[in-house]
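Trainee:
Numbering (the working numbering), first residue to last: 567 to 857.
1) Can you check which of these residues, 626, 580, 743, 785, is closest to residue 800 by C-alpha distance?
2) Using CA atoms only, rank isn't needed, just tell me which of 729, 695, 835, 684 is closest to residue 706.
3) Would you say the segment 729-747 touches the segment 801-808, given that touching needs at least three Cβ pairs under 8 Å?
4) State the DSSP-derived secondary structure class of residue 738, mapped to helix, strand or coil.
5) Helix, strand or coil for residue 658, going by three-state DSSP, please let me know.
6) Run through the DSSP bridge pairs and tell me what residue 615 is partnered with.
7) Roughly how many angstroms separate the alpha carbons of residue 695 and residue 654, rounded to a whole number?
8) Per the DSSP calculation, residue 799 is bridged to which residue(s)?
9) Quick check on residue 823: does DSSP put it in helix, strand or coil?
10) Taking residue 692 as the reference, give the member of 854, 802, 662 with the closest Cα.
11) By the DSSP assignment, the alpha helix (DSSP H) with residue 840 in it spans what residues?
12) How many Å lie between residue 629 and residue 679 at the Cα?
13) Going straight from the alpha carbon of residue 574 to that of residue 657, what length do you get?
14) In this structure, how does DSSP classify residue 774 when only helix, strand and coil are distinguished?
15) Using the beta-carbon count (16 or more within 10 Å), is residue 572 buried or exposed?
16) Could you tell me which whole alpha helix (DSSP H) segments of length 4 or greater appear in the segment 670-715?
17) Given residue 771, which residues of its chain have a CB within under 8 Å of its CB, disregarding the five upstream and five downstream residues?
18) Span of the beta strand (DSSP E) holding residue 586?
19) On a Cα-Cα basis, can you pick out the residue from 857, 617, 570 that is closest to residue 602?
20) Please report the Cβ distance between residue 938 and residue 608, rounded to the nearest whole angstrom; I am assuming they are in contact, meaning their Cβ atoms lie under 8 Å.
21) Classify residue 835: buried if its beta carbon has 16 or more other beta carbons within 10 angstroms, exposed otherwise.
22) One question on the structure: do residue 616 and residue 639 come within less than 8 Å of each other, judged by their Cβ atoms?
23) Which two residues bound the contiguous beta strand (DSSP E) that contains residue 765?
24) Residues in its own chain within less than 6 Å of residue 614 by CB, not counting five upstream and five downstream?
25) Quick check on the DSSP output: the alpha helix (DSSP H) that includes residue 723 runs from which residue to which?
26) Could you tell me which residues DSSP pairs with residue 743 in its beta bridges?
27) Contact between the segment 707-725 and the segment 833-848 is defined here as three or more beta-carbon pairs at a separation below 8 Å; is this criterion met?
28) With the cut-off set at 8 Å, would you say residue 631 and residue 599 are in Cβ contact?
29) Apply the 10 Å Cβ neighbour rule to residue 681 and answer buried if 16 or more other Cβ atoms are within range, or exposed otherwise.
What follows is the structure, encoded as structure tokens:
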């Protein structure tokens, strides 16, 4: 969902926009970086899942295009961190537990994103909540910590910082924005989501949080009868996420979104979303100081 339009809008609104490389082939990835450079003069970054087949090509494209910030995920940061830092690039790695936070720090990353299992998309195996994960990681690392997972409001941001985070990363809240490249059907479905409408699935293989639909029900039934990894992967097929989130198939597509979706009630411009979050953050902080 985070193409150049969304990334540049976030950066122009004083956030740090990220282009999500996980759904892009190399040349499309390059195109999005170039368009982002043409639409913002503010810092922006890219997110590259290291287990993605095109990860190495995307790393080189980021270097060639002068990207200054790379968020890596879904793999070991050891392979590329030194290479990227030699190029003057800031490296941030996404983890779901303390063990990998410490390994990432040892690998030399500049900051860590610790993501609780409330998050949408791919998740950790341990199912650690953000409230449990953030203080544990904060107490054991010496580099900046960014909290993610179930955060989409100013109050959520304040809570994450009270737990020890230096900043927050939000994904699901920005899917339902005007600049998001998600299909309009998916955005509307997010507005309709209620508490409990998402579920963490494929826990034994590639944990992913999905919004309930016919496809999710098929996966649930397969899991309940003890389907093999091969059966589950066959059910997933190819481009299932694109079919749902980008092409708008609300029944047979894979709809990745976090638990915060139950609190998203309107589609707004990115600038308004960020303004609302900051306003709520300040009000919540002030109210606590008056207690």
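Glycine residues also receive a C-beta, built at the ideal position from the N, C-alpha and C atoms.
Mentor: Per the coordinate set shown:
1) Closest by alpha carbon: 785.
2) 729 is the residue among 729, 695, 835, 684 whose C-alpha sits nearest the C-alpha of residue 706.
3) Here the segment 729-747 does not lie against the segment 801-808, with fewer than 3 beta-carbon pairs under 8 Å apart.
4) Helix at residue 738.
5) Strand.
6) Residue pairing by DSSP places residue 615 opposite 639 in a beta bridge.
7) About 33 Å.
8) In the DSSP output, where bridge partners are listed per residue, residue 799 has none listed.
9) Correct three-state label for residue 823: coil.
10) Looking only at 854, 802, 662, the smallest Cα-Cα distance to residue 692 is reached by 662.
11) Segment 836-855, the alpha helix (DSSP H) holding residue 840.
12) Here the alpha carbon of residue 629 sits roughly 21 Å from the alpha carbon of residue 679.
13) For residue 574 and residue 657, the distance between alpha carbons rounds to 19 Å.
14) Residue 774: strand per DSSP, three-state reduction.
15) Result: buried.
16) Scanning the segment 670-715 for uninterrupted alpha helix (DSSP H) segments of 4 residues or longer gives 696-704, listed from N- to C-terminal end.
17) Annotation for residue 771: 795, 798, 799 place their beta carbon closer than 8 Å to its own, counting only its chain and skipping 5 residues before and after.
18) Residue 586 -> beta strand (DSSP E) spans 583-586.
19) Comparing Cα positions, the closest option is 570.
20) As displayed, the chain neither begins before 567 nor continues past 857, which places residue 938 out of reach and without an answer.
21) Per the 10 Å Cβ criterion, exposed.
22) Yes, these two residues count as a Cβ contact at 8 Å.
23) For residue 765, the uninterrupted beta strand (DSSP E) run begins and ends at 764-767, by DSSP.
24) The beta carbon of residue 614 is closer than 6 Å to those of 587, 621, 624, 638 in its chain, skipping five residues each way along the sequence.
25) Counting along the chain, the alpha helix (DSSP H) containing residue 723 begins and ends at 720-728.
26) The partner list for residue 743 (beta bridge, DSSP) reads 834.
27) The way I'd put it, the segment 707-725 does touch the segment 833-848; three or more beta-carbon pairs between them come closer than 8 Å.
28) Contact flag set, yes.
29) The residue is buried, with at least 16 neighbouring Cβ atoms inside 10 Å.
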